[in-house]
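Everything below concerns the one structure shown next.
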Amino acid sequence: MKVLVIADEESKFLTEYYAENDLGNIDFILSVGDLPYSYLDTIRTNLKKPLFYIRGNHDTYKIGLFDKGFIEWKIVEISGVRIIGIGCQHRNGQILSEAEMRKKLKRLYRKKKHITRVDIIISHYPAAGIGDGQDAAHQGYQAIRDFVEKTQPMYFVYGHNHLNYGRKPRTIESNKTKYVNAYEKAIIEI
Ligand SMILES: [Zn+2]
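First residue of the sequence shown? That's 1430 in the numbering used here, and the numbers climb one at a time after it.
Below, the structure is given as structure tokens:
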């Protein structure tokens, strides 16, 4: 199964030039934030594939009540692939502190207790120390790292750290998980 993951930066490959690119074999799309809703909608229309998303720190759009694509704090199954979506905002748009994130993830972990296998975890913010930045604005959450290490998904997909900021690898492997920076676009296979 092929999953297109996107974040942070719009790609003309998915808008203007999508017809020239062979994206027909993508099964579904995961967006991990800091992308305008109109862009997500365009991709959904162009590729005609299901799209699931979480918001980044810059996303201020309102979520429609019946929008099934929105998966923050949810555990969902898409074509047999189990996915957990981690959010980063309060209802008022404020970004969660480390302690608040830990509390929310504790609740989420309780929810997933009866699930044996999780394939992908998506989060706008990275896990502390794995592909994150040095400065306060780009540092990852330790709570997220602990959650991912406990859950051991095949993939942890994140954004927020642009790959063109410095020399950062697209994928980092740690324990049993591949940590993939979805900056602009990438394809993962599961
Ligand atoms: Zn961001």
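We put the beta carbon where it would ideally sit given N, CA and C, even for glycine. Computed from a predicted model, the values in this text were never measured in an experiment.
(1) With DSSP run on the structure shown, which of helix, strand or coil describes ILE1492?
(2) If you drop the 5 nearest sequence neighbours on each side, which residues of the same chain put their C-beta closer than 7 Å to that of VAL1577?
(3) Starting from the Cα of ILE1455, find the closest Cα among GLU1439, MET1430, SER1552 and give me that residue.
(4) Rounded to a whole number of angstroms, what is the C-alpha to C-alpha distance between GLN1563 and ARG1574?
(5) Just checking my contact of CYS1517 with HIS1487 at CB under 8 Å: how many whole Å lie between their CB atoms?
(6) Since I believe LEU1480 is in contact with PHE1457 (beta carbons under 8 Å), could you give me their beta-carbon distance rounded to a whole number of angstroms?
(7) For chain B, find out if any of its Cβ atoms is closer than 7 Å to the Cβ of ARG1520; answer yes or no.
(8) Does GLN1518 come out as helix, strand or coil in the three-state DSSP assignment?
Quick look at the numbers:
(1) Note: ILE1492 maps to coil in three-state DSSP.
(2) The beta carbon of VAL1577 sits closer than 7 Å to those of ILE1550, ALA1556, PHE1585, THR1606, all from its chain and outside the five residues before and after it, given in chain order.
(3) If we check each option's Cα against that of ILE1455, MET1430 comes out closest.
(4) Rounded to whole angstroms, the separation of the alpha carbons of ARG1574 and GLN1563 is 16 Å.
(5) Not really, about 10 Å apart at Cβ, beyond 8 Å.
(6) At roughly 7 Å, the Cβ-Cβ gap stays under 8 Å, so PHE1457 and LEU1480 are in contact.
(7) Among the protein chains of the structure shown there is no chain B, as only one such chain exists.
(8) Here GLN1518 sits in strand by DSSP.
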